[in-house]
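Remarks on the structure that follows.
Numbering (mature numbering (1 follows the signal peptide of the UniProt record, and there is no 0)), first residue to last: -22 to -1, 1 to 188.
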């Protein structure tokens, strides 16, 4: 069975497009975006302690997650705001495109596919993303089949590492999303965060090796 819906993905799907950098900071070294590997290209996985907590009361889904990566906030930021290229390193994202930009506000259109048991759920959304460079990403759905979708991602420096703290509050309109178990959502969230961590490490190696 395939369900086609106009909605936002209920997992951390806020990462894609041309890296957004602040004037007061620069990403060390030059990153050639053409070297961004496809989702099918093998990468050496970085062992990441990803902590995810999901609450689903049948009405509202709340996701909290945190993990660290051995990279500076500037590099982490470049990956998290690479909106046009997210489908290359997040396997569930089929397409992502910046459709509008004004200062530190970005509008992003995304198409994702999630599989749950025998169901294939196609998720489409347009969201407004407000950027506080190198510190915070706030996301709000402006078009889609969700009653509410808000996400916040914070970057917290910890020595030569960066801690990523993520929170999402979702109230779906689709009945199937209301009854998907927390364990499934937790596993999907952890998978996507691991893919993000792998991409951060890959880009760090590119910068280090020139």
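By construction, the Cβ of each residue, glycine as well, lies at the ideal position given by its N, Cα and C atoms.
Predicted model, so just to flag it, every value in this text is computed and none were measured.
{"Query": "Segment contact flag, the segment 136 to 150 with the segment 31 to 43, C-beta cutoff 8 Å, min 3 pairs", "Result": "yes"}
{"Query": "Range covered by the beta strand (DSSP E) that runs through residue 42", "Result": "39 to 47"}
{"Query": "Enclosing beta strand (DSSP E) for residue 180 [first to last residue]", "Result": "Counting along the chain, residue 180 falls outside any beta strand (DSSP E), though it belongs to the alpha helix (DSSP H) covering 160 to 187."}
{"Query": "Paired residues, beta bridge with residue 109 - DSSP", "Result": "115"}
{"Query": "Own chain partners of residue 46 with C-beta closer than 8 Å, once the 5 adjacent residues on each side are dropped", "Result": "26, 27, 136, 139, 140, 141, 142"}
{"Query": "Rounded separation between residue 49 and residue 178 - CA only", "Result": "7 Å"}
{"Query": "Inter-residue spacing [alpha-carbon to alpha-carbon] between residue 85 and residue 166", "Result": "24 Å"}
{"Query": "Boundaries (first-last residue) of the beta strand (DSSP E) holding residue 50", "Result": "Note, residue 50: premise wrong, no beta strand (DSSP E); not H, not E."}
{"Query": "For residue 63, three-class secondary structure by DSSP", "Result": "helix"}
{"Query": "Contacting residues, own chain, Cβ-Cβ under 8 Å from residue 30 (five flanking each side not counted)", "Result": "41, 42, 43, 164, 167, 168, 171"}
{"Query": "Limits of the unbroken beta strand (DSSP E) element including residue 80", "Result": "71 to 80"}
{"Query": "Residue closest to residue 104, alpha-carbon to alpha-carbon, out of 133, 127, 174", "Result": "127"}
{"Query": "Assumed close pair residue 69, residue 173 - CB separation to whole angstroms, cut-off 8 Å", "Result": "6 Å"}
{"Query": "Endpoints, beta strand (DSSP E) assigned at residue 68", "Result": "From DSSP, residue 68 is part of no beta strand (DSSP E); its letter is neither H nor E."}
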